[in-house]
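Chemist: Chains as they are written, first to last, in this note's numbering: chain A, 2 to 183; chain B, 2 to 183. Just so you know, even glycine gets a beta-carbon here, dropped at the ideal spot from N, CA and C. My questions will all concern the structure given below.
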DNA sequence: GTATGTATACCGTCCGGACGGTATAGTAAA
DNA sequence: TTTACTATACCGTCCGGACGGTATACATAC
């Protein structure tokens with residue numbers, strides 16, 4: 002065997018379980034069964050459950066990064082604007098991304114070691130490229146507004162319908178481009 | 002005994018455990034021991050763990066409501082402005098509130114039944130009193146910005162120092178009062 | 001070209017412990 | 001007599017993780 006996709010198959014299974022049944026049902030046995038790999042094989046690839054969760058977070062962060070790149074390419078003609086890129090990326094996230102993010106973030110709330118993997122890249126971006134600007138309050142408000150909406154969606158707290166969400170993102174993007182009216 | 006504070010003593014113990022050790026260590030046995038109440042007594046008051054969590058969420062929401070009332074009183078001379086109240090309330094939350102909110106929210110992420118208790122009141126306020134206004138985008142951006150910052154603090158994602166946080170809240174409050182410059 | 005060794009990639013089973021919940025017998029105040 | 005417990009003993013389940021074994025592939029040596 003030795004198929005190189007075993008790890009990915011395991012991660013796929015783990016994601017599916019979280020999305021379908023919630024992180025509470027994410028057990029090693031369940032992942033093994035779902036990925037049609039024995040528990041021993043699972044442990045071979047991911048020695049501990051924490052290692053598995055770390056890999057799940059890693060893949061999610063990669064996906065975010067891909068979406069950011071995609072957004073950056075789309076916005077290429079415009080002057081470089083990381084705040085704009087970040088808002089577009091958040092807008093692009095799918096419902097599956099929401100649920101997965103929420104579940105994994107929830108897990109990290111009780112496992113501080115994992116939180117590091119979650120936030121490290123994010124922090125650097127957040128801080129250096131977006132926050133350290135002349136108009137700090139303006140950038141911060143726009144970024145936090147997008148993030149706040151994202152969190153609402155993540156935890157199913159938002160009551161916005163698609164139209165309202167669209168309007169809100171439009172307003173945020175306009176302001177991130179330098180628009181003045183709020 | 003029959004002291005009326007038994008329930009509160011139990012909830013105090015449960016909160017302390019979550020704050021000190023994380024929700025992962027919130028077991029019925031631990032709560033009983035910490036509150037110097039027997040496990041039987043604990044089960045007498047909270048027949049299931051879910052009932053206990055629900056009560057914890059209820060108390061947290063009550064505390065938020067109290068802080069809102071407090072903020073409303075402080076702002077009384079000004080024209081009624083629920084958006085302003087909400088932002089001030091979020092600013093008032095302590096670190097203990099952060100951690101408790103984060104932990105309980107994390108728990109609800111995997112127990113949808115609990116999420117209802119968490120969001121019901123919040124949703125009504127959010128929707129009816131703040132979002133249904135003429136300048137929808139403006140209100141939404143300010144509210145989501147405050148909430149986004151709050152979430153960052155909850156999950157230890159924010160890199161803002163106290164000065165920056167103060168500046169940001171000042172800007173949000175100014176805008177919520179009708180200020181124009183962003 | 002066969003024997004030997006070694007690393008990789010698993011399989012299947014088992015175990016210790018924890019946890020939520022139950023049961024029961026008794027106590028003490030109101 | 002009901003309410004509000006205490007104290008203790010269990011039960012069934014589940015879970016993370018350890019362990020011993022197996023199959024394959026490849027390299028090296030003789």
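Which of helix, strand or coil does DSSP assign to residue 181 of chain B?
Modeler: In the second chain, counting from the first residue as 1, residue 181 of chain B sits at position 180. Correct three-state label for residue 181 of chain B: coil.
Chemist: Where does residue 171 of chain A fall in DSSP's three states?
Modeler: Within the first chain, numbered from 1, the residue matching residue 171 of chain A stands at position 170. Helix.
Chemist: Are the CB atoms of residue 83 of chain B and residue 131 of chain B nearer to each other than 8 Å?
Modeler: Counting from 1 along the second chain, the entry for residue 83 of chain B is found at position 82. Counting from 1 along the second chain, the entry for residue 131 of chain B is found at position 130. Cβ distance < 8 Å, so residue 83 of chain B and residue 131 of chain B count as in contact.
Chemist: By the criterion of Cβ-Cβ separation under 8 Å, what are the contact partners of residue 31 of chain A in chain B?
Modeler: Here residue 31 of chain A refers to the residue found at position 30 when the first chain is read from its first residue. Against residue 31 of chain A, chain B offers no close residue; the least beta-carbon distance is about 14 Å (beta-carbon pairs closer than 8 Å).
Chemist: Of all Cβ atoms in chain B, is any one closer than 8 Å to the Cβ of residue 157 of chain A?
Modeler: Here residue 157 of chain A refers to the residue found at position 156 of the first chain. Closer than 8 Å: yes.
Chemist: Would you decide whether residue 2 of chain B is buried or exposed? Buried here means 16 or more other CB atoms lie within 10 Å of its CB.
Modeler: Translated into positions along the second chain, residue 2 of chain B becomes position 1. Bear in mind that a pLDDT of 40 at residue 2 of chain B, under 50, signals an unreliable position, so the number given afterwards is only what the model happens to contain. Result: exposed.
Chemist: Looking at chain B, is there any beta carbon in it that lies within less than 8 Å of the beta carbon of residue 163 of chain A?
Modeler: Against the first chain, residue 163 of chain A aligns to sequence position 162. The beta carbon of residue 163 of chain A does not come within 8 Å of any beta carbon belonging to chain B, so the residue lies off that interface.
Chemist: In terms of residues, what are the limits of the alpha helix (DSSP H) holding residue 158 of chain B?
Modeler: Locating residue 158 of chain B in the second chain gives position 157, counting from the first residue. Run containing residue 158 of chain B: none; DSSP gives neither H nor E here.
Chemist: Could you give the distance in angstroms between the alpha-carbon of residue 1 of chain A and the alpha-carbon of residue 7 of chain B?
Modeler: Nothing about residue 1 of chain A can be read from this structure; chain A reaches only from 2 to 183.
Chemist: Have a look at residue 178 of chain B and residue 68 of chain A and give me their C-alpha separation to the nearest angstrom.
Modeler: For the purposes of this step, residue 178 of chain B is taken as residue 177 along the second chain, with counting starting at 1. For the purposes of this step, residue 68 of chain A is taken as residue 67 along the first chain, with counting starting at 1. When rounded, the distance between both Cα atoms is 36 Å.
Chemist: Are the beta-carbon atoms belonging to residue 158 of chain B and residue 120 of chain A less than 8 Å from one another?
Modeler: Your numbering for residue 158 of chain B matches position 157 in the second chain. Your numbering for residue 120 of chain A matches position 119 in the first chain. The criterion of a C-beta distance shorter than 8 Å is satisfied by residue 158 of chain B and residue 120 of chain A.
Chemist: For a contact defined as C-beta to C-beta under 7 Å, what are the partners of residue 139 of chain A on chain B?
Modeler: As a position in the first chain, residue 139 of chain A is number 138, starting the count at 1. Ordered by position in chain B, the residues that pass the 7 Å Cβ test against residue 139 of chain A are 183.
Chemist: Distance cutoff 8 Å, beta carbons only. Does residue 168 of chain B sit that close to anything in chain A?
Modeler: In the second chain, the residue the question calls residue 168 of chain B occupies position 167. Chain A, which has a Cβ nearer than 8 Å to the Cβ of residue 168 of chain B, makes this yes.
Chemist: Which residues in chain B have a C-beta closer than 9 Å to the C-beta of residue 86 of chain A? List them in chain order.
Modeler: Numbered from 1 along the first chain, position 85 holds the residue referred to as residue 86 of chain A. In chain order: nothing, as chain B lies at least about 17 Å away.
Chemist: Taking only three categories from DSSP, how would you classify residue 147 of chain A?
Modeler: Translated into positions along the first chain, residue 147 of chain A becomes position 146. Reduced to three states, the DSSP call for residue 147 of chain A is helix.
Chemist: In chain B, which residues lie with their C-beta within 8 Å of the C-beta of residue 104 of chain A?
Modeler: Numbered from its first residue, the first chain carries residue 104 of chain A at position 103. Those are 110, 111, listed as they occur along chain B.
Chemist: Is the Cβ of residue 2 of chain B closer than 8 Å to any Cβ of chain A?
Modeler: Counting from 1 along the second chain, the entry for residue 2 of chain B is found at position 1. Because the pLDDT at residue 2 of chain B is just 40, under 50, the model does not fix this residue reliably, and the point stays unresolved.
Chemist: Report the rounded CA-to-CA distance for residue 172 of chain B versus residue 138 of chain A, giving the unit in angstroms.
Modeler: Position 171 of the second chain, counted from the start, is the residue given in the question as residue 172 of chain B. Position 137 of the first chain, counted from the start, is the residue given in the question as residue 138 of chain A. Rounded to whole angstroms, residue 172 of chain B to residue 138 of chain A spans 7 Å at the Cα level.
Chemist: From the DSSP output, in three-state form, read off residue 47 of chain B for me.
Modeler: Residue mapping note: residue 47 of chain B aligns to position 46 of the second chain, counting from 1. In the structure shown, residue 47 of chain B sits in coil (DSSP, three-state: anything other than H, G, I, E or B).
Chemist: How many angstroms separate the CA atom of residue 30 of chain A from the CA atom of residue 149 of chain B?
Modeler: Here residue 30 of chain A refers to the residue found at position 29 of the first chain. Here residue 149 of chain B refers to the residue found at position 148 of the second chain. Straight through space, the alpha carbons of residue 149 of chain B and residue 30 of chain A are spaced by roughly 36 Å.
Chemist: Cβ closer than 9 Å: which chain A residues qualify as neighbours of residue 23 of chain B?
Modeler: Mapped onto the second chain, residue 23 of chain B falls at position 22. Correct list: 110, 111, 112, 113.
Chemist: Could you work out which residue in A:17, A:10, A:162 is closest to residue 39 of chain A when comparing CA atoms only?
Modeler: Within the first chain, residue 39 of chain A is the residue found at index 38, counting from 1. Of A:17, A:10, A:162, the residue nearest in Cα terms is A:10.
Chemist: Where does residue 111 of chain A fall in DSSP's three states?
Modeler: Here residue 111 of chain A corresponds to residue number 110 of the first chain, with the count starting at 1. Coil.
Chemist: With distance defined between alpha-carbon atoms, name the residue in A:183, A:25, A:52 nearest to residue 135 of chain B.
Modeler: Working through the second chain from its first residue, we reach residue 135 of chain B at position 134. Residue 135 of chain B has its Cα closest to that of A:183, out of A:183, A:25, A:52.
Chemist: Under 7 Å Cβ-Cβ, which residues of chain B neighbour residue 146 of chain A?
Modeler: Residue mapping note: residue 146 of chain A aligns to position 145 of the first chain, counting from 1. By Cβ distance, chain B contributes 142, 145, 146, 149.
Chemist: Whose C-beta lies closer than 7 Å to the C-beta of residue 153 of chain B among residues of the same chain, with five residues either side of it excluded?
Modeler: By one-based count along the second chain, residue 153 of chain B stands at place 152. Cβ neighbours of residue 153 of chain B beyond the five flanking positions: 159.
Chemist: Going by alpha carbons, who is nearest to residue 87 of chain B out of B:140, B:18, B:45?
Modeler: Position 86 of the second chain, counted from the first residue, corresponds to residue 87 of chain B. Of the candidates B:140, B:18, B:45, the one whose C-alpha sits nearest the C-alpha of residue 87 of chain B is B:140.
Chemist: Taking 6 Å as the limit between beta carbons, can you name the residues of its chain near residue 47 of chain B, skipping five residues before and five after?
Modeler: For this step, residue 47 of chain B is matched to residue 46 along the second chain. Excluding sequence neighbours, residue 47 of chain B sits near 53.
Chemist: Expressed to the nearest angstrom, what Euclidean distance is found between the alpha-carbon atoms of residue 73 of chain B and residue 176 of chain A?
Modeler: If you number the second chain from 1, residue 73 of chain B lands on position 72. If you number the first chain from 1, residue 176 of chain A lands on position 175. Those two C-alpha atoms are separated by around 30 Å.
Chemist: With a cut-off of 8 Å on the beta carbons, I'd call residue 18 of chain B and residue 35 of chain B a contact; round off their distance for me.
Modeler: Along the second chain, read from residue 1 onward, the residue named residue 18 of chain B stands at position 17. Along the second chain, read from residue 1 onward, the residue named residue 35 of chain B stands at position 34. Their Cβ separation, rounded to whole angstroms, is 6 Å, which keeps residue 18 of chain B and residue 35 of chain B in contact under 8 Å.
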